[in-house]
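A.B. asks:
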Amino acid sequence: MPPDTRLAAVDAEKARLDAARPLSPHTVASLREKLMLEWTYHSNAIEGNTLTLRPFVDGNGRTGRLLLNLELMKSGYPPAVIRKEDRLAYYDALDEACLNANHDAITALVADSVLRSLRLYLDLLPASG
Numbered sequence: 001m002p003p004d005t006r007l008a009a010v011d012a013e014k015a016r017l018d019a020a021r022p023l024s025p026h027t028v029a030s031l032r033e034k035l036m037l038e039w040t041y042h043s044n045a046i047e048g049n050t051l052t053l054r055p056f057v058d059g060n061g062r063t064g065r066l067l068l069n070l071e072l073m074k075s076g077y078p079p080a081v082i083r084k085e086d087r088l089a090y091y092d093a094l095d096e097a098c099l100n101a102n103h104d105a106i107t108a109l110v111a112d113s114v115l116r117s118l119r120l121y122l123d124l125l126p127a128s129g
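Sequential numbering from 1 applies to the sequence shown in the UniProt record's numbering.
(1) Once the 5 residues before and after THR27 are set aside, which same chain residues still bring their CB inside 7 Å of it?
(2) Compute the Euclidean distance between the alpha carbons of LEU35 and LEU122, then round it to the nearest angstrom.
(3) Whole-angstrom Cβ separation of ARG32 and VAL81, contact assumed at under 8 Å?
(4) With contact counted as at least three CB pairs below 8 Å, one residue from each stretch, are the stretch 88-105 and the stretch 66-73 in contact?
(5) For the alpha helix (DSSP H) that MET73 lies in, which residues bound it at each end?
(6) Under the three-state reduction of DSSP, which class applies to ALA80: helix, strand or coil?
(7) Near ARG16, which residues of its chain fall below 7 Å by C-beta distance, leaving aside the five closest residues on each side in sequence?
(8) Report back the beta-carbon spacing between LEU111 and PRO3 to the nearest angstrom; my notes put them in contact at under 8 Å.
(9) Hey, could you find the ends of the alpha helix (DSSP H) ALA108 is sitting in?
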């Protein structure tokens, strides 16, 4: 799927979530629990291998993902959780962006991650109708 199509899908799902705001306290509590588990699991999986895959000793990858998620959340999007199983694709996409100035792969990976987060939010909303 081309990056523009992915980004349009992200915007469409965000519009659905925005229409459901404010979220109920129960929905927020459920989201918090699910996201804390997912973030901890996937963050530990990526960070545990950072030194073997990347020569960063100062947390550049983690800091970069925190800044990415800060900007997403400032714009009303949920955070992008880079899953453990996407680790190699994530590093390959970063290399492609840095070495060849081709941002398609990292854009697609982040868009897919945001879509997963949006759908997690939307799946917890009560059915309308």
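Backbone N, C-alpha and C define an ideal beta-carbon position, used for all residues, glycine too.
C.D. replies: Judging by the given coordinates:
(1) LEU124, LEU125
(2) 13 Å
(3) With a Cβ gap of about 14 Å, ARG32 and VAL81 do not count as contacting.
(4) no
(5) 60-74
(6) coil
(7) LEU122
(8) The question names Leu, but residue 111 in the sequence shown is Ala. At roughly 7 Å, the Cβ-Cβ gap stays under 8 Å, so ALA111 and PRO3 are in contact.
(9) 104-124
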